[in-house]
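All residue numbers for the sequence shown refer to this note's numbering, where the first residue is 107 and numbers rise by one.
C-beta: ideal position from N, C-alpha, C; glycine also.
First the structure, in the form of structure tokens, and then the observations on it.
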Amino acid sequence: MQLDKSMKIAVLAGGMSDEREVSLVTGQMLYKTLCEGGYTNVKFIDVGFNLDKELREFAPDVAVNGLHGRYGEDGTVQGLLEMMKIPYTNSGVTASAVGMDKLICRAVMKDCGINVAEGKHIEAADGMEKPYEFPFVVKDPVNGSSRGVYIVKDEKEWEDAKKELKAGKRYLCERFFKGREVNVAVLENKVLGDVEITPANEFYDFDAKYNSDKTIYTVHPDISDAVREKISDAALKLHVALGCKGVSRSDFIVNGDDYIMLEINTLPGMTGHSLVPMIAKYRGISYLELIETLISECLAEK
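This is how it looks when you write it as structure tokens:
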């Protein structure tokens with residue numbers, strides 16, 4: 107679809123989650139790229155609880171969603187945009203909400219026949235016993251950017267993790283699956299490609315994702331054809347099963363020809379360290395072309 111360079115584009119970023127600062131970086135890159143690409147009516151909106159007012163005043167033709175975490179990635183802002191009849195990039199309400207909740211999404215993965223680690227949900231409480239023998243992983247099911255993830259290898263780390271868990275809150279606990287982290291991007295219901303992450307730290311945590319220049323990213327890594335086919339098929343299968351739109355990124359741990367799926371990101375990051383733009387560039391798709399593809403898709407469904 108040929109896009110009108112004078113169309114009114116609202117770039118949504120910031121927000122109220124603990125991923126706010128990362129979202130602002132994503133939003134600024136989206137805004138700058140669109141302006142440099144010749145779009146003349148782009149507005150950057152630092153999202154707050156008055157978003158509806160700002161959208162009414164600007165009356166955009168389309169919203170480019172650069173939010174992360176709660177309110178932006180979980181179906182909340184998508185619901186507002188639906189009610190205001192504003193087309194927006196990436197997935198809708200249901201896919202966003204399910205994809206954000208690791209416990210619910212895990213059930214969909216299993217229903218699709220996708221490999222996941224042995225796991226269960228736990229409820230944090232004083233004096234709780236460890237759910238598995240070491241090592242295991244405890245995850246906040248509705249947080250992103252590796253926030254609220256604890257790899258527990260011994261009793262001390264379990265005691266430290268328990269101090270961070272909120273009493274009465276549910277968490278996902280999984281047996282630790284050792285291997286290489288590989289991420290697969292799906293764009294417009296087609297597998298775009300994959301990238302392996304070799305973090306400077308033991309774990310690809312928030313700092314390794316957004317602050318470290320020592321993390322190594324290898325696009326189209328040297329993995330077996332068999333496991334590449336398996337994880338590509340799994341990423342596409344879940345993308346379609348959830349009804350995702352635009353681009354998604356699914357995260358895997360691979361070990362030889364075996365794998366487990368960790369999660370799907372229905373609104374992947376778009377910063378300088380982000381994986382989807384990296385994969386797109388390897389495929390010959392520029393950052394601007396990637397944004398335009400997302401805009402074109404959502405406008406085509408208007």
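For G121, same chain residues with a beta-carbon under 6 Å away, outside a window of 5 residues either side, are S129, V153, L173, Y177, G178 in chain order.
Ranked by Cα distance from M135, the first of L271, M190, G378 is G378. In this structure, the beta-carbon distance from V288 to I329 falls below 9 Å. E369 counts as buried, since no fewer than 16 other beta carbons sit within 10 angstroms of its beta carbon.
Minimum Cα-Cα distance from S354 among the listed residues W264, V382, I210, E125 corresponds to V382.
Excluding five sequence positions before and after R162, the CB atoms of its chain that fall closer than 8 Å to its own CB belong to M190, given in chain order. Runs of the alpha helix (DSSP H) spanning 4 or more residues and lying entirely within the region 375 to 402 occur at 381 to 388, in chain order. If you draw a straight line from the Cα of L140 to the Cα of V148, it comes to about 7 Å. The beta-bridge partner set that DSSP reports for A116 consists of K149, A169. If you ignore the 5 residues before and after I220, its C-beta comes within less than 7 Å of the C-beta of A340, K343, L344, M367, all in its own chain and listed in chain order. Of the residues assessed, F155 falls on the exposed side of the cut-off, its CB having fewer than 16 other CB atoms within 10 angstroms. In the same chain as E188, and ignoring 5 residues on each side of it, no C-beta atom comes closer than 6 Å to its own. For E142 and D110, the gap between their C-alpha atoms comes out near 15 Å. A distance below 6 Å between beta-carbons, with the five flanking residues on each side excluded, links P193 to the following residues of its chain, in chain order: V168, C404, L405, K408. With 16 or more other Cβ atoms inside 10 Å of its own Cβ, M215 counts as buried.
Counting along the chain, E239 sits inside no beta strand (DSSP E), nor does DSSP assign it H or E at all. If you look at K296, you'll find it in the beta strand (DSSP E) that goes 296 to 304.
Under the DSSP assignment, S197 falls outside any alpha helix (DSSP H); it carries neither an H nor an E label.
In the DSSP assignment, the residues bridged to C279 are K226, V244.
Nearest to R389 by alpha-carbon distance, out of V360, S197, L293, T304, is L293.
The shortest C-alpha to C-alpha distance from A116 to any of N249, S402, P166, K226 is the one to P166. The bridge partners DSSP lists for A291 are G299, R355.
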